[in-house]
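Numbering (the working numbering), first residue to last: 1169 to 1326.
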Amino acid sequence: MVENTGYGAENRTVLDKRAEAEKRKRARLRARIRKKRLRLLALGAMCIVAAVLAVSTVTCYVQMTDLKSQVEEKQQTLAQLESEYVSLNAKKENSIDLSQVEDYAENVLGLVKLDRSQEEYLELQKTDQVEVNEASSGVEKLASSFVKSFNAILSFLR
């Protein structure tokens, strides 16, 4: 048998207070654990983001290096093709020989060189001078400018 000394109510309040204190400790412990988990989650997310950025940066540098090497190859190919072009142009220029042209003209076309006796020289007369009045009409001015232009062309051809 347990004797009731009157301390039972006090023991219960003390036990209740201890139980509440224990609950608060557990709640604080759970809150700390949650904070730690959130910190670890945030740290993990930042690590993943940093890793993705690092991998993408390295990938970009690899692609850039590859493209640079392709550009250098194309530039070398271009330089080779330009030198080949110059070489072929020079070869083409050297392949055209006037003796071949003369041979083709004589044998295929049937052309013959002129002798000195066949050459005839013509002497052109000097052109007449035209004077234009200042009081002439627009048509006359147009005609006089045409005559001046024609005379200039003839003098240039002489």
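Where is the CB? At the ideal position from N, CA and C, for every residue including glycine. Small disclaimer: the values here were computed from a predicted structure and weren't measured.
Please confirm whether residue i and residue j have their CB atoms less than 7 Å apart.
| i | j | result |
| --- | --- | --- |
| A1273 | L1266 | no |
Just how far apart, CA to CA, sit residue i and residue j?
| i | j | result |
| --- | --- | --- |
| V1276 | A1247 | 42 Å |
| A1320 | E1287 | 27 Å |
| S1263 | L1256 | 10 Å |
| R1381 | Q1268 | This structure cannot speak to residue 1381, because the chain is shown only from 1169 to 1326. |
| R1270 | S1323 | The amino acid at residue 1270 is misidentified as Arg; the sequence shows Glu. Approximately 34 Å, taken between the alpha carbons. |
| V1220 | R1207 | 20 Å |
| V1307 | E1291 | 33 Å |
| E1188 | A1210 | 32 Å |
| V1193 | A1199 | The sequence given here places Lys at residue 1193; Val does not occur at that position. Each residue's alpha carbon lies about 10 Å from the other. |
| T1225 | Q1231 | 10 Å |
Just to confirm my understanding: we take residue i, look at its own chain, exclude 5 residues before and 5 after, and list those with CB closer than 7 Å. What are they?
| i | result |
| --- | --- |
| V1327 | For residue 1327 there is no data in the structure shown, the boundaries of the chain being 1169 and 1326. |
Residue i lies in the alpha helix (DSSP H); which residues open and close that run?
| i | result |
| --- | --- |
| L1277 | L1277 -> no alpha helix (DSSP H), and no H or E assigned at all. |
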